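In mature numbering (1 follows the signal peptide of the UniProt record, and there is no 0), the protein residues as written are -25 to -1, 1 to 192. See structure below.
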């Protein structure tokens, strides 16, 4: 092999080595180029869930309410509306309209201990009922409360436990027109309240009974 060929091969090898070193060296300023990461599907799903709004205060994820558990995710309206026709105002309620009170009811998460304002006080019979929503889904067990004036042609109050009735109340989607069974009743004073539960402001929420209300601390 001649000296000229050796020189050419040496020069070519040197050039290849230089190219390899440049390829491994990163950016021109000696730093490594940052990697571009893509959001995971879990993060995207989480962001979508956080942006959703159910439009009402939820009773939670279970099918029963007894003992403070949930009501199948059914949602109370933010504005409960006017009291039903025919209901009688309480003449001398313990907590008059405008009074600030503390709730001890556990109808939905965040209600027990919440501060509320009385917006109505009534003399009636309140019932705990079990019903299947007209929209389908699991039965709502031991829902508290509907009042006698929110039943279709109920007859004389109080109705006995086990009586089958048709609801005219529209506290939650699928309630109006549903067939229900009376679980229990009370003839305590019944109140409508303005209350904030889990960050959701509800006006004229129906209902809480007197044993579920205490003077504000």
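Yeah, the Cβ is synthetic: ideal placement off N, Cα and C, and Gly gets one too. A quick note: this is a predicted structure, and the numbers were derived from the prediction, not measured.
Under the criterion of beta carbons closer than 8 angstroms, residue 72 and residue 91 do not qualify as touching, at roughly 12 angstroms.
Ranked by Cα distance from residue 112, the first of 149, 143, 170 is 149. In the three-state reduction of the DSSP assignment, residue 187 falls in the helix class.
In the structure shown, residue 127 adopts coil according to DSSP, grouped into three states. Judged by DSSP secondary structure, residue 81 falls outside any beta strand (DSSP E); it is assigned neither H nor E. Shortest Cα-Cα distance from residue 114 to any of 155, 51, 123 involves 155. Secondary structure of residue 62 (DSSP, three-state): coil. Comparing C-alpha distances from residue 136 to each of 146, 160, 142 shows the shortest one belongs to 160. Between the segment 99 to 107 and the segment 74 to 88, the count of Cβ pairs shorter than 8 angstroms is below three; the stretches do not touch. Residue range 154 to 161 is occupied by the beta strand (DSSP E) that includes residue 156.
Rounded to the nearest whole angstrom, the C-alpha separation of residue 53 and residue 175 is 8 angstroms. With a contact defined as Cβ atoms closer than 8 angstroms, residue 153 and residue 109 qualify at about 5 angstroms. Residue environment: residue 68 is assigned as buried (16 or more neighbouring CB atoms within 10 Å of its CB, all protein chains considered). Residue 55 and residue 179 do touch by the CB rule: their CB atoms are close to 4 angstroms apart, below 8 angstroms.
Around the beta-carbon of residue 94, 16 or more other beta-carbon atoms lie within 10 Å, marking it buried.
Per the C-alpha coordinates, the member of 182, 190, 65 positioned closest to residue 147 is 182. About 7 angstroms separates the CB atoms of residue 58 and residue 97; that is less than 8 angstroms, so the two are in contact. Close CB contacts of residue 189 within its chain, under the 7 angstroms cut and outside five residues either way in sequence, are with 76, 77, 79 (chain order).
In chain order, 32, 83, 85, 86, 89 place their CB closer than 7 angstroms to the CB of residue 172, counting only its own chain and leaving out the 5 sequence neighbours on each side.
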